[in-house]
């Protein structure tokens, strides 16, 4: 599972260039990939239906590899939730499903850019919950970008840097 960093609550239309991805082998007969969410405070995962999906199937070693790209209309209830992919194999239906690693959602409110921020170089701001991402406001809409692995956003230089050099972090 690959979760795109652009996780904004309250968007009403997909950002097709910022999709999340589940990949898995679904067998020779049609298995499936589902997206599941565990809301904060809940013990169980539930299947959710993404707002927008694209599916690409390729044949490898007489089996089907499926790539599910999807977009979710995040809601306030999804703050601090985790999501995962559930893959079932159509050829071996008696075999338990395979689950991806769970990924925590780091959501940003769609009104994030309505706040009065001053002093940024290129309209980039600290992510409200993690140092490893930043928010860019474009036409008053937030777009979230992840720093490369092991780096944190440094407001003073308006770029990602070694975390040890970052003095301010939410």
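Numbering (the UniProt record's numbering), first residue to last: 1 to 170.
Each residue gets a CB set at the ideal place from its N, CA and C atoms; glycine is no exception.
query: Is residue 24 closer than 8 Å to residue 91 when the C-beta atoms are compared?
result: In this structure, residue 24 does not lie closer than 8 Å to residue 91 by Cβ.
task: State buried or exposed for residue 107, treating a residue as buried only when at least 16 other CB atoms are found within 10 Å of its CB.
output: It is buried - the Cβ of residue 107 has at least 16 other Cβ atoms within 10 Å.
- prompt: Going by C-alpha distance, which of 42, 70, 46, 40 is nearest residue 18?
  reply: The residue with the shortest Cα to Cα distance from residue 18 is 70.
- prompt: Any idea if residue 41 is buried or exposed, counting beta-carbon neighbours within 10 angstroms, 16 or more meaning buried?
  reply: With fewer than 16 other Cβ atoms within 10 Å, it is exposed.
Nearest candidate by alpha-carbon position, reference residue 35, set 87, 158, 142: If we check each option's Cα against that of residue 35, 87 comes out closest.
Residue 39 in three-state terms, based on DSSP: Of the three classes helix, strand and coil, the one that applies to residue 39 here is coil, per DSSP.
- prompt: Nearest to residue 32 by CA position, among 51, 9, 93, is which residue?
  reply: The residue with the shortest Cα to Cα distance from residue 32 is 93.
query: What is the residue span of the beta strand (DSSP E) that residue 65 lies within?
result: In the DSSP assignment, residue 65 falls within the unbroken beta strand (DSSP E) covering 63-71.
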